[in-house]
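To keep things clear, I will list the structure first and then write my remarks on it.
Numbering (our numbering), first residue to last: 1074 to 1174.
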(Lines of atoms letter the chains of each structure in order from A and count residues from 1; the text may use other names and numbers.)
(Lines give C-alpha, C1' and ligand atoms only; values in the text may rest on other atoms or scores of the structure.)
Protein backbone atom coordinates (compact mmCIF):
# COMPACT_ATOMS: atom_id res chain seq x y z
CA UNK A 1 0.00 0.00 0.00
CA UNK A 2 1.34 3.39 -0.94
CA UNK A 3 1.51 6.49 1.24
CA UNK A 4 -1.08 8.08 -1.04
CA UNK A 5 -3.50 5.19 -0.44
CA UNK A 6 -3.01 5.40 3.31
CA UNK A 7 -3.57 9.15 3.29
CA UNK A 8 -6.89 8.63 1.47
CA UNK A 9 -8.06 6.61 4.48
CA UNK A 10 -7.83 9.61 6.78
CA UNK A 11 -11.11 10.53 8.36
CA UNK A 12 -12.34 14.10 8.19
CA UNK A 13 -14.66 14.59 11.18
CA UNK A 14 -16.78 16.98 9.13
CA UNK A 15 -17.57 14.23 6.65
CA UNK A 16 -18.86 11.61 9.07
CA UNK A 17 -22.49 12.44 8.34
CA UNK A 18 -23.50 13.28 11.88
CA UNK A 19 -27.19 12.86 12.55
CA UNK A 20 -29.14 15.66 14.14
CA UNK A 21 -29.42 14.76 17.80
CA UNK A 22 -32.77 14.19 19.43
CA UNK A 23 -33.67 15.03 23.02
CA UNK A 24 -34.28 18.09 25.11
CA UNK A 25 -32.45 21.30 24.19
CA UNK A 26 -30.24 20.92 27.25
CA UNK A 27 -29.42 17.28 26.39
CA UNK A 28 -28.68 18.15 22.77
CA UNK A 29 -26.33 21.01 23.71
CA UNK A 30 -24.41 18.79 26.14
CA UNK A 31 -24.38 15.77 23.81
CA UNK A 32 -23.12 17.80 20.84
CA UNK A 33 -20.12 18.88 22.89
CA UNK A 34 -19.48 15.30 24.02
CA UNK A 35 -19.87 13.93 20.50
CA UNK A 36 -17.53 16.51 19.01
CA UNK A 37 -14.80 15.93 21.61
CA UNK A 38 -14.99 12.12 21.60
CA UNK A 39 -15.20 11.67 17.86
CA UNK A 40 -12.43 14.23 17.29
CA UNK A 41 -10.19 12.28 19.67
CA UNK A 42 -11.04 8.97 17.99
CA UNK A 43 -10.37 10.46 14.55
CA UNK A 44 -7.08 11.95 15.73
CA UNK A 45 -6.06 8.57 17.12
CA UNK A 46 -7.08 6.84 13.90
CA UNK A 47 -5.10 9.32 11.83
CA UNK A 48 -2.12 8.83 14.15
CA UNK A 49 -2.34 5.09 13.49
CA UNK A 50 -2.30 5.84 9.78
CA UNK A 51 0.79 8.03 10.29
CA UNK A 52 2.54 5.26 12.22
CA UNK A 53 1.60 2.73 9.59
CA UNK A 54 3.01 4.95 6.87
CA UNK A 55 6.29 4.93 8.73
CA UNK A 56 6.21 1.17 9.26
CA UNK A 57 4.53 0.32 5.93
CA UNK A 58 2.15 -2.06 7.69
CA UNK A 59 -0.21 -3.57 5.17
CA UNK A 60 -3.32 -4.46 7.15
CA UNK A 61 -5.97 -2.69 5.12
CA UNK A 62 -8.81 -4.73 6.65
CA UNK A 63 -7.84 -3.59 10.15
CA UNK A 64 -7.70 0.06 9.13
CA UNK A 65 -11.05 -0.17 7.36
CA UNK A 66 -12.59 -1.85 10.42
CA UNK A 67 -11.33 0.92 12.70
CA UNK A 68 -12.68 3.54 10.34
CA UNK A 69 -16.05 1.75 10.18
CA UNK A 70 -16.19 1.57 13.98
CA UNK A 71 -15.65 5.32 14.35
CA UNK A 72 -18.30 6.03 11.72
CA UNK A 73 -20.77 3.63 13.39
CA UNK A 74 -20.38 5.30 16.78
CA UNK A 75 -20.57 8.77 15.22
CA UNK A 76 -23.93 7.79 13.74
CA UNK A 77 -25.75 7.63 17.09
CA UNK A 78 -28.46 10.26 16.98
CA UNK A 79 -29.87 10.30 20.50
CA UNK A 80 -28.44 12.93 22.83
CA UNK A 81 -29.13 10.56 25.75
CA UNK A 82 -26.83 7.91 24.23
CA UNK A 83 -23.92 10.35 24.05
CA UNK A 84 -24.52 11.55 27.60
CA UNK A 85 -24.94 8.03 29.02
CA UNK A 86 -21.82 6.76 27.21
CA UNK A 87 -19.62 9.84 27.57
CA UNK A 88 -17.07 7.88 29.61
CA UNK A 89 -17.31 4.77 27.43
CA UNK A 90 -16.95 6.06 23.88
CA UNK A 91 -13.60 4.31 23.37
CA UNK A 92 -15.15 1.04 24.60
CA UNK A 93 -18.08 1.53 22.22
CA UNK A 94 -15.71 2.09 19.30
CA UNK A 95 -13.76 -1.02 20.30
CA UNK A 96 -17.03 -3.01 20.46
CA UNK A 97 -17.98 -1.80 16.97
CA UNK A 98 -14.46 -2.63 15.78
CA UNK A 99 -14.88 -6.22 16.96
CA UNK A 100 -18.14 -6.59 15.02
CA UNK A 101 -16.81 -5.22 11.71
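No residue lacks a Cβ here, since even glycine has one placed at the ideal position from N, Cα and C. All figures in this text were calculated on a predicted structure; none of them were measured in a lab.
Beta-carbon to beta-carbon, residue 1153 and residue 1101 are separated by about 5 Å, close enough to satisfy the 8 Å threshold. 1091 is the residue among 1084, 1085, 1083, 1091 whose C-alpha sits nearest the C-alpha of residue 1151. Within the same chain, 1115, 1143, 1144, 1147 come within 7 Å of residue 1167 by CB-CB distance, once the 5 residues on both sides are set aside. Looking at the DSSP output, residue 1152 shares a beta bridge with 1095.
Residue nearest to residue 1169 within the set 1139, 1157, 1158 is 1139 (criterion: CA-CA distance).
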